[in-house]
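What follows is a single structure, written as structure tokens, with notes after it.
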Amino acid sequence: MAGIVTWQFRHLLAIGTPLLILIAAYLFYFVDQTVATSMCANAWFFAVPLVLGALTGVIGERSGVVNIGIEGQMLTAAFASFFTAAATKSLVAGVAAGILAGVAMGAFLAWTTVTARMDQIIAGVAINIVATGITSFFYKSGAQLPVNMPQWNVPVLSKIPLIGETFFQTGPIALFALLIAPVLHFAMFRTRWGLRTRAIGEYPSAADTAGINVNRMRFVNVVLAGILAGAAGTYLSMEATSSFSRGMTAGRGFLALAIMIFGAWRPLRVVAAALFFGFANALASQLQGVVDIPQQFVTLLPYVLTLAVLAIAAGRVRAPAAEGVPFIKGEGQ
2 MAGIVTWQFR HLLAIGTPLL ILIAAYLFYF VDQTVATSMC ANAWFFAVPL VLGALTGVIG
62 ERSGVVNIGI EGQMLTAAFA SFFTAAATKS LVAGVAAGIL AGVAMGAFLA WTTVTARMDQ
122 IIAGVAINIV ATGITSFFYK SGAQLPVNMP QWNVPVLSKI PLIGETFFQT GPIALFALLI
182 APVLHFAMFR TRWGLRTRAI GEYPSAADTA GINVNRMRFV NVVLAGILAG AAGTYLSMEA
242 TSSFSRGMTA GRGFLALAIM IFGAWRPLRV VAAALFFGFA NALASQLQGV VDIPQQFVTL
302 LPYVLTLAVL AIAAGRVRAP AAEGVPFIKG EGQ
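Numbered per the working numbering, the sequence shown spans residues 2 to 334.
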């Protein structure tokens, strides 16, 4: 009985909290339309790469592979997309290069952790170090995109007050982040692929007994997750800023990992957690115009929130049981 009550409470909280936030946002919107719209747009602007990065981690860890290298995947993709677009004078080529860079880094992670059974934390750290070194060494100033990324207005939806202006009057990668989260949530919990992914991340020996090729599926999932990391990096250099600078990811890959944990490895909760970080950042930026807050403190805020979130989430969420554990056929796991 207690378990049923707890289950009902959690679902009520999951539904009620976003609803209360939406009501509060609209009340604020009717009080001050300009500030409310600006804050919501800035929050989503900040949240987009975090959503994509966190979803990269969700796929990997649900499959049993810890991905500390999201930061490096994003940075490599940002570099590849920007300089490819600048060299070819083609935005499409730039986006493709960014996605492929994320996939290539994902393939490297999959090979080292799944095939070679290297320690997953060390493999991720290696990706981050290599990405930082390569992008710094080959960086050249003066490159420019041929044109800025287009901004799309989604018919009908873009006309909705506040929501439309925030989510449906934006660039293609931001729209992709908005759409991929519910798609991935449905796939993770309502499809055969999702069931098998969760199985290999929770009890791979049972999945193997059921006929699932655990290592092959882990390999493929980690590579496919690289698409999302590539999109996150591409967003940073081509849609958010139209430029590239050394270390421009600025720890977003690690923030994405914290958001993944805060979101309990569930795609829709990950979006909510990313928006929480985004709104906190937007609020701090707004307060700068009212209170004399040094920019350094505003920059520091997401990392302080990360520590607070991890402290709150510790012991309240459970990671996939087999994450970080290489699968060796014939050994019980």
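Cβ atoms here follow ideal geometry from the backbone N, Cα and C, with glycine treated the same way.
Owing to the predicted nature of the structure, the values given are computational and were not obtained by experimental measurement.
Each residue's CA atom was taken as its position, placing Ala37 and Leu163 some 8 Å apart.
Here the C-alpha atom of Phe177 lies approximately 15 Å from the C-alpha atom of Ala275.
If you check the CB distance, Trp266 and Val59 come in under 8 Å.
Following the DSSP letters along the chain, one finds Leu288 inside the alpha helix (DSSP H) bounded by residues 268–289. The DSSP-derived three-state label of Gln74 is helix. Residue range 121–138 is occupied by the alpha helix (DSSP H) that includes Asn129. Contact annotation: the segment 72–85 touches the segment 245–256, with at least three C-beta pairs closer than 8 Å. In the three-state reduction of the DSSP assignment, Gln34 falls in the helix class, which pools H, G and I.
Taken through DSSP and simplified to helix, strand or coil, Gln170 comes out as strand. In the DSSP assignment, Leu163 falls outside any alpha helix (DSSP H), carrying neither H nor E. From the listed residues Gly99, Leu311, Pro268, Pro205, the smallest Cα separation to Ala322 is found for Pro205. Contact between the segment 28–42 and the segment 202–218 is absent: fewer than three C-beta pairs spanning the two stretches fall below 8 Å.
Residue pairing by DSSP places Asn149 opposite no residue, since no beta bridge is assigned to it. Annotated as proximal: Ala182 and Val272, with beta-carbon spacing under 8 Å. Cβ contact annotation for Ile313 (same chain, cutoff 6 Å, sequence separation greater than five): none. For Ile262, the enclosing alpha helix (DSSP H) starts and ends at 253–263. By the 16-neighbour rule on beta-carbons within 10 angstroms, Gln145 is exposed.
The continuous stretches of alpha helix (DSSP H) do not include Ser142, and DSSP gives it neither H nor E.
In this structure, DSSP gives Asn154 an extended state, which the three-state scheme calls strand.
If you draw a straight line from the Cα of Leu237 to the Cα of Ala78, it is about 9 Å long. Per DSSP, the continuous alpha helix (DSSP H) segment holding Arg199 begins and ends at 193–203. Rounded to whole angstroms, the gap between the alpha carbons of Glu203 and Leu20 is 32 Å. The beta carbon of Glu62 sits closer than 8 Å to the beta carbons of Asn68, Gly202, Met261, Trp266, Ala320, Pro321, Glu324 from its chain, once the five residues preceding and following it are set aside; these are given in chain order. Taking a contact as a CB-CB distance under 8 Å, the pair Ala98 and Thr85 counts as one, their CB atoms being some 4 Å apart. A residue is called buried when at least 16 other Cβ atoms come within 10 angstroms of its Cβ; Ser64 meets this threshold and is buried. Contact annotation: the segment 137–151 touches the segment 229–249, with at least three C-beta pairs closer than 8 Å.
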